[in-house]
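Colleague: Numbers in our numbering are just positions in the sequence shown, counted from 1, shifted up by 579. Structure in structure tokens, see below.
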Amino acid sequence: MDEPGTIASYYRLDAARPPHMVGGLRAFAASDRRDPARPLIAVQARPDLPPRARALARTAQAQVPHAMLPLDQGPGRDPAGHEVWFMLCAAPPGPALSATPGVWSEDEVMRCLLAPAAAALDALSARGVTHRAIRPDNLFRAGPGEAVMLGPFWAAPPASLQPSAFEPAYSAMCQPAGRGEGTVADDVYALGVTMLWCVLGAPAAWADGAALLARQLDIGSFAALVGSAPLSPGLVELLRLMLAEEPDHRPSPAALMAPDQARARRLATRPPMRAQRPLLVGNREAYTARSLAHALACEPEHGAAIVADGSLDRWLRRMLGNAQLAVRLEEMVVAVARELDRDDGRKPAALVMRAVCVLDPLAPLAWRGAILFPDGLGSALVTAESGGQTALRAALEHLVTHDAIAHWSALQTKRRDLAGMRQESLEWRSWLGTRGPMGGMRRLLYGLNPLLPCGSPLLAGRTVARLGDLLPALEQAAQRADRKRPPIDPHIAAFIAARADTALSAEMGQLDGFVSPAERLAVLRLFARLQARLHLAPLPLLAGWLLESGLIELTAWRNLHTRKALAARLAEAAAAGQIATMLLLAQDEQARQADHAGAERAVARAAAIETELAALAADGPARHARAEKLGQDIAGGAGLVATLTAAMALGLGL
């Protein structure tokens, strides 16, 4: 860990200047010790909104005009002393558009907003990255007449901080963190809304996102956003294209760089079919197919009931007058009944999900009240976990368990690359179903969020988002840890499994509950390999923690002298901070065989002694009789000798 106030070794926060908001996130003035004159900011990640790892990787140090790009990232301490994750970038050229609202001229919108933003989006699209954060509080400029700069788009999940007014209806339906990467067409839509915001002077009617979304689904986005505002015909034609409901109908950023040509393209649109009377879904009224799809997604219990009992079919035929849509819905209901002949808890969710797909082919995945695009699953899980949203968490877990993503993708007619999505969903299901500490919900969280910090309480407040930062953090945490317990828990196990390569993952296959001798030795082996690959410097505190936690079973060594010698050598290796040396000593097979052979010889010798003692004990009575008889014989002989001696003495007259 760098000294307090520093980030990634080279950058330092300016604690004397108060933080400010950049694109909805807290940011601090910062400096680079290699170039102190360059104005920088450090954007602080929110714990419930992990950064976009892919966007950071693809745009770091890149050359994209009119966009604020990341320079570096890493953990650091904020002025309050809390360790958090920071991302460094150049300071914005001026305040955000939202800080200085006003009515822009059409010429200023085209020259200072559309042209630079289209150039930035075109360059980002060439790198395979979407922006997904185009809105007034994330666009900056030095002053009137100056070109705008697109703000950070890599510091939070895509579109997670977007007001729903700046998202297409199919994205505004989602949980904000689950909107997904989207496409460049979604950025074009957000740019069109921002242009309209500038021309209309920050319309207050957009503040109620739910009401605006309802109007979008009923009459279309362009009509809902523009209303009766007087706009020039040229701007109307351009915005009608940029705000088209179908993503494929929107112009590309390259086309927007020549707006006159973009205007020449004509888009045939017609208002959605509207029913004479609404269909009530829970407390929601639906007049159009798209608004009905949204109502079903938001009210899944009521939605499943009206789909199953035929109410929806009758409304489509009688009120909306769309028999073709009713036929497709009927076919769907029959297919679900055939596939799920037994009600195992999936049928209501499957009915609603498929009905939503039939009614609105652009709609996101809807499952038990969770509404999201599949590539937004990871960040949606984080917000559900951090916010204590147990119902949403359960719905997302159920979604993965029952492979809803694969079923949803099979129904899509408007989206691409669905084969890859289905393959990913199988992998996610495998992670969730893996038993032991390296699987389950934690594995899914860390696997889907490459920059989500490890949530283990053993880390004592350290922010560890990369595997290479784990051992130094544990080294520091060892000073205050309960060293009778190993420095690993389910969070750390799942974190390592998500960040590790194949070899380390195979090592973790031996872990279950850290209880058996084999599992405990596997923990030591895992840390030894982590040190060898990621942190060659000594780790004496962590090594001591590993030793004191009882991972090495010294009682397994039978020879007391060997055991004491091994304990001394392990203590020396721990003091030197070399976990690999400890591992070599603990699994020294030659020494173990010698100890085992010595123990076997000792056991054999002890058995021989026991046998001799037993034999002696068994022969005791016979030996006693023989001894008694021998004593009697000796006594009798002695008496006879004495008698003869006395007789001889008398005979001789002695």
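For glycine and all other residues, C-beta sits at the position ideal for the given N, C-alpha and C.
Per DSSP, which residues does glutamine 652 bridge with? Please list them.
Modeller: In the sequence shown, residue 652 corresponds to position 73, counting from 1. Met666.
Colleague: Given this structure, state the Cα-to-Cα distance separating alanine 696 from alanine 887, to the nearest angstrom.
Modeller: Translated into positions along the sequence shown, residue 696 becomes position 117. Translated into positions along the sequence shown, residue 887 becomes position 308. Their backbone Cα atoms lie some 47 angstroms apart in a straight line.
Colleague: Helix, strand or coil for tyrosine 590, going by three-state DSSP, please let me know.
Modeller: In the sequence shown, the residue the question calls residue 590 occupies position 11. Of the three classes helix, strand and coil, the one that applies to tyrosine 590 here is strand, per DSSP.
Colleague: Out of curiosity, what's the CA-to-CA distance linking alanine 1194 and alanine 1186?
Modeller: Residue 1194 sits at position 615 when you count from the first residue of the sequence shown. Residue 1186 sits at position 607 when you count from the first residue of the sequence shown. Roughly 12 angstroms separates the two Cα atoms.
Colleague: Quick one: Cα of alanine 639 to Cα of alanine 802, how far?
Modeller: As a first step, residue 639 is located in the sequence shown; it is residue number 60 there, counting from the start. As a first step, residue 802 is located in the sequence shown; it is residue number 223 there, counting from the start. Going by the C-alpha atoms only, they are around 39 angstroms apart.
Colleague: Can you list, in chain order, the residues of its chain whose CB lies under 6 angstroms from that of methionine 580, leaving out five sequence neighbours each side?
Modeller: What you label residue 580 is simply residue 1 of the sequence shown in a count that begins at 1. In this prediction, methionine 580 scores a pLDDT of 48, lower than 50, which makes its location untrustworthy; no coordinate-derived value is stated.
Colleague: Quick check on this structure: which residue in Cys777, Val663, Leu628 and Gln754 has the alpha carbon closest to the alpha carbon of phenylalanine 719?
Modeller: As a first step, residue 719 must be located in the sequence shown, where it is residue number 140. Answer by Cα proximity: Cys777.
Colleague: Keeping to the same chain, check which residues put their C-beta closer than 6 angstroms to that of alanine 764; ignore five residues upstream and five downstream.
Modeller: Counted from its first residue, the sequence shown places residue 764 at position 185. Here the set comprises Pro826 and Arg829.
Colleague: Roughly how many angstroms separate the alpha carbons of arginine 633 and cysteine 936, rounded to a whole number?
Modeller: As a first step, residue 633 must be located in the sequence shown, where it is residue number 54. As a first step, residue 936 must be located in the sequence shown, where it is residue number 357. Taking the straight line joining both Cα atoms gives about 29 angstroms.
Colleague: Let's see if you can read the secondary structure: which residues bound the alpha helix (DSSP H) around histidine 986?
Modeller: Position 407 of the sequence shown, counted from the first residue, corresponds to residue 986. 983 to 990 is the extent of the alpha helix (DSSP H) around histidine 986.
Colleague: Which of the three DSSP states, helix, strand or coil, is assigned to arginine 720?
Modeller: Within the sequence shown, numbered from 1, the residue matching residue 720 stands at position 141. Coil.
Colleague: In the DSSP assignment, what are the bridge partners of tryptophan 946?
Modeller: As a position in the sequence shown, residue 946 is number 367, starting the count at 1. In the DSSP output, where bridge partners are listed per residue, tryptophan 946 has Ala949.
Colleague: Roughly how far, in whole angstroms, is the beta-carbon of alanine 868 from the beta-carbon of aspartate 939, given that I think they are within contact range, below 8 angstroms?
Modeller: Locating residue 868 in the sequence shown gives position 289, counting from the first residue. Locating residue 939 in the sequence shown gives position 360, counting from the first residue. That belief holds up - the Cβ atoms of alanine 868 and aspartate 939 are roughly 6 angstroms apart, short of 8 angstroms.
Colleague: Taking all protein chains shown into account, do 16 or more other C-beta atoms lie within 10 angstroms of the C-beta of proline 1016, making it buried, or fewer, making it exposed?
Modeller: Within the sequence shown, residue 1016 is the residue found at index 437, counting from 1. Answer is buried; the Cβ neighbour count reaches 16.
Colleague: With three or more C-beta pairs closer than 8 angstroms as the rule, is the segment 948 to 961 touching the segment 712 to 730?
Modeller: no
Colleague: Using CA coordinates, which residue listed in Met1000, Thr762, Pro747 and Val815 is at the minimum distance from glycine 788?
Modeller: Walking along the sequence shown from the start, residue 788 turns up at place 209. The shortest Cα separation from glycine 788 among Met1000, Thr762, Pro747 and Val815 belongs to Pro747.
Colleague: Please check the pair proline 629 and asparagine 1028, which I expect to be a contact at CB under 8 angstroms, by giving their CB distance rounded to whole angstroms.
Modeller: Looking up residue 629 in the sequence shown gives position 50. Looking up residue 1028 in the sequence shown gives position 449. So it is a contact: roughly 5 angstroms between Cβ atoms.
Colleague: Please state the DSSP three-state secondary structure of leucine 796.
Modeller: As a working note, residue 796 is residue 217 in the sequence shown. In the structure shown, leucine 796 sits in a helix (DSSP, three-state: H, G or I).
Colleague: Leaving out five residues on either side along the sequence, give the residues of the same chain with a beta carbon under 6 angstroms from the beta carbon of alanine 641.
Modeller: Taking the sequence shown and counting its residues from 1, the one referred to as residue 641 is at position 62. So the qualifying residues of the chain are Leu648.
Colleague: Just the Cα atoms here: how many angstroms apart are threonine 848 and aspartate 797?
Modeller: Indexing the sequence shown from 1 puts residue 848 at position 269. Indexing the sequence shown from 1 puts residue 797 at position 218. Computed Cα separation, rounded: 14 angstroms.
Colleague: Just list the residues that DSSP pairs glutamine 623 with in beta bridges.
Modeller: Reading the sequence shown from its first residue, position 44 is the one you call residue 623. Bridge partners of glutamine 623: Phe665.
Colleague: Which residue or residues does DSSP assign as beta-bridge partners of aspartate 614?
Modeller: Within the sequence shown, the letter at position 35 stands for residue 614. Paired residues: Asp611.
Colleague: If you follow the beta strand (DSSP E) that arginine 1287 is in, where does it begin and where does it stop?
Modeller: Since the first residue of the chain shown is 580 and the last is 1233, residue 1287 is not available in this structure.
Colleague: Exposed or buried, glutamine 795, counting other C-beta atoms within 10 Å across all chains shown (16 or more means buried)?
Modeller: Counting from one through the sequence shown, the residue named residue 795 turns up at place 216. Result: buried.
Colleague: Relative to the C-alpha of aspartate 657, which candidate in Gly771, Arg625 and Ile1071 has its C-alpha closest?
Modeller: Translated into the one-based positions of the sequence shown, residue 657 becomes position 78. Ranking Gly771, Arg625 and Ile1071 by Cα distance to aspartate 657 puts Arg625 first.
Colleague: Tell me whether alanine 959 counts as near the ligand COA, meaning its Cβ is closer than 7 angstroms to at least one heavy atom of that ligand.
Modeller: For the structure depicted, the ligand COA is absent and the ligand set is empty, with no information on it obtainable.
Colleague: Please report the straight-line C-alpha distance between leucine 1251 and lysine 1063, rounded to a whole angstrom.
Modeller: Nothing can be reported for residue 1251: it is not among the residues displayed for the chain, which extend from 580 to 1233.
Colleague: Quick one: grab the DSSP three-state call for methionine 600.
Modeller: The count along the sequence shown starts at 1 and reaches residue 600 at position 21. Here methionine 600 sits in strand by DSSP.
Colleague: With DSSP as the reference, label alanine 1076 as helix, strand or coil.
Modeller: Taking the first residue of the sequence shown as 1, we reach residue 1076 at position 497. Residue state, collapsed to three classes: helix.
Colleague: Using 8 angstroms as the threshold, is the C-beta distance between valine 961 and aspartate 593 below it?
Modeller: Position 382 of the sequence shown holds residue 961. Position 14 of the sequence shown holds residue 593. Contact: no.
Colleague: In chain order, which continuous runs of the alpha helix (DSSP H) of length 4 or greater are located wholly inside the segment 1032 to 1064?
Modeller: 1049 to 1056, all fully within the segment 1032 to 1064.
Colleague: So, with DSSP's three-state summary, where would you put leucine 960?
Modeller: On the sequence shown, position 381 is the one that residue 960 refers to. Three-state DSSP puts leucine 960 in a helix.
Colleague: Identify whether methionine 821 lies in helix, strand or coil by the three-state DSSP scheme.
Modeller: Indexing the sequence shown from 1 puts residue 821 at position 242. Helix.
Colleague: When the Cα atoms are used, what is the spatial distance from threonine 1160 to aspartate 1068?
Modeller: As a position in the sequence shown, residue 1160 is number 581, starting the count at 1. As a position in the sequence shown, residue 1068 is number 489, starting the count at 1. Cα to Cα, threonine 1160 sits roughly 23 angstroms from aspartate 1068.
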